[in-house]
Amino acid sequence: MNPFRTGQLVMFQVHYNRSWHFFELIFFAILGVFGGIYGAFVIKWNLRVQAFRQHYLSGFAVSEATFFAIITAILSYGNAFLRIDITENMKILFRECTDDLGYDGICNRSSQGRIIISLIIATIIRTCLIIVSYGLKVPAGIFIPSMAVGATFGRLLGIFVSALQKRFSNFILFSACEPNVSCITPGTYAFLGAAAALSGIMHITVSVVVIMFELTGALTFILPTMIVVGITKTVCDHFKTGGIANRTILINGFPYLDSKEHYFGVPVEDIMTQNLTVIPSNGLNLQELEAILNSSNIKGFPVVTDRESMLLIGFVKRSYLQWVLEKFKSTSKLSPKTLCFFSVPEDKSEFKSLLKKSYDSLNGNTNFTASLDFSHCINITPLTVHPQLPLETVMELFQKLGPKVILVEQYGQLCGLLTVKDLLKYKFKVEYAENPHDLSFTKNDEKQIWELLVKFKTWVKEIIFAYSRKYIRASEIELDLYHS
């Protein structure tokens, strides 16, 4: 089998001749702490960049992507670990040193100082680029870039630990190693650093262990990977930021509820929508029904007996109601006074009275349909809850049953309704009250950044215009000399 056309079964297949030692757990813990701090730092500043992007750059998607592509190329070209393809870079960082010097002398002991500086620069630059680039209108992800950040930092730490062991080989901490013999594999630190960074940015644990094993096939290092990921999770839980995917969903307003437990301590009536647009089951004509449909763009309507008693009958979806109405129009001749029934009254005399009223409004014209029956459009068993039900229970209903809307009723009387977006708005309000400066810059900061970008754009335009004018002028002079 050769799935990647590289002669390897997995993407970053590695073979480590040395196993890990117990004393290395201290340094593995450092990688775990780095993963948690890296995730919290990137998430915090990326959300601020995304908020700024929504406010000022939403209309410049192509220009923004082009600008950052140029900046990325300029910043990356001068560093050996940023210049090459990111997957090839990770293969190099994961690899165990043999007799050769490796890429850019990464295994050369005499150039370790230069390699360490290069790895530090690569870690910082790539972290900054991830902050500004995640959320651009281009197809991209954050798994591999974050793993690359962790790999560069891990390789950096591995080189440092290896040099420390060689320098103080008789120290009690390194008693498990033979004197003057290298027993540290820097590539394993890169491997574990990649796992820590991925766990820190996405807030996933067991999945990271499986992903790293699938990518590298390093079965020996599953236990260290679990330890590193566990420490990363502990650090992430301390910052309480949530994974970057969940936070991006939140800042974009997508109706997604996470599976974490929340405690709000309020009943559902505190956040439900109360002033509802409802459809009476009887007495509504076609003109009034179309006015209700055209007056708003809500996705559905509660059906009640009448607007005074507000006794709930069911719920009808807007799309289905419009489809049925168009079908009626195509098969029947309708008048604005045509009566619309959403449930047949139990009192037959009342039903006959309504039909007679509709017929009289048509002035006896039998060419028009006197009434339309929409009762088959209604969901007569919508999900309903009591107004005093805890909000946590309602959130659990949304998560497990997946309804679009939950109606709130008391003794059959409609009190309000709740959607996923209503719940998310309240959840966001609570979280923002706890962390008021977590998601965005202040308005003054955003304004200053935008002014700097406008000045930079004007400066670039002036340079291009001046150079173009100078070039055109020189061409005109050459042309005049040629003709003379």
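Take the sequence shown: its letters are residues 1 to 484, numbered as in UniProt numbering. The beta carbon of each residue, even a glycine, is placed where N, CA and C say it ideally should be. Predicted model, so just to flag it, every value in this text is computed and none were measured.
Using only alpha-carbon positions, find the residue among the options that is nearest to residue i.
i	options	result
residue 327	400, 295, 377	377
residue 297	455, 318, 285	318
residue 53	80, 120, 133	133
residue 176	81, 24, 257	24
residue 253	421, 449, 229, 452	421
residue 300	159, 125, 315, 58	315
residue 249	40, 433, 83, 425	425
residue 79	220, 112, 122	122
residue 26	157, 70, 128	157
residue 393	75, 269, 239	269
residue 379	333, 56, 321, 72	321
residue 110	283, 72, 81, 159	159
residue 284	139, 219, 372, 163	372
residue 244	41, 451, 454	41
Should residue i go down as buried or exposed, given a rule of 16 or more other Cβ atoms within 10 Å for buried?
i	result
residue 323	exposed
residue 168	exposed
residue 415	buried
residue 399	exposed
residue 433	exposed
residue 491	Nothing about residue 491 can be read from this structure; the chain reaches only from 1 to 484.
residue 287	exposed
residue 203	buried
residue 338	buried
residue 89	buried
residue 131	buried
residue 462	exposed
residue 141	exposed
residue 179	exposed
residue 519	Limits of the chain in this structure are 1 at one end and 484 at the other, which puts residue 519 out of reach.
residue 452	exposed
residue 238	exposed
Return the chain-ordered list of same chain residues with a C-beta closer than 7 Å to the C-beta of residue i, the five sequence neighbours on each side being excluded.
i	result
residue 467	none
residue 197	35, 38, 146, 147, 149, 150
residue 199	35, 205, 208, 229, 232, 233
residue 389	267, 268
residue 103	92
residue 412	311, 312
residue 242	203
Output needed for residue i: all residues of its chain with C-beta closer than 6 Å, excluding positions within five of it in sequence on either side, in chain order.
i	result
residue 190	93, 94, 151, 154, 155
residue 266	391
residue 405	417, 419
residue 383	403, 406
residue 264	391
residue 161	27, 184
residue 174	165
Since residue i and residue j should fall inside the 8 Å C-beta cutoff, what is the C-beta to C-beta distance between them, to a whole number of angstroms?
i	j	result
residue 292	residue 277	6 Å
residue 231	residue 29	5 Å
residue 313	residue 335	Between residue 335 and residue 313 the Cβ distance is about 25 Å, and since that is not below 8 Å, they are no contact.
residue 234	residue 195	About 15 Å; that fails the 8 Å criterion.
residue 50	residue 251	6 Å
residue 217	residue 31	With 8 Å as the limit, residue 217 and residue 31 do not qualify as a contact, their Cβ atoms being about 20 Å apart.
residue 144	residue 87	7 Å
residue 375	residue 341	6 Å
Going along the chain, which residues of its own chain have a beta-carbon closer than 8 Å to the beta-carbon of residue i, five neighbours each way excluded?
i	result
residue 135	46, 49, 50, 53, 248
residue 304	278, 279, 280, 281, 310, 311, 312, 313, 414
residue 348	Any reading at residue 348 is ruled out, since the residue's pLDDT is 49, under 50, leaving its predicted position unreliable.
At the 9 Å Cβ level, is residue i part of the contact set with chain C, yes or no?
i	result
residue 459	Among the chains of the structure shown, chain C does not appear; only one protein chain is present.
request  = Starting from the N-terminal side, write out each stretch of the beta strand (DSSP E) that is 3 residues or longer and does not extend beyond the segment 101 to 143.
outcome  = none
request  = Can you check the segment 149 to 206 for any alpha helix (DSSP H) of at least 4 residues that lies completely inside it and give the ranges in chain order?
outcome  = 186 to 202
request  = Starting from the N-terminal side, write out each stretch of the beta strand (DSSP E) that is 3 residues or longer and does not extend beyond the UniProt domain "CBS" (378 to 439).
outcome  = 405 to 410, 413 to 419
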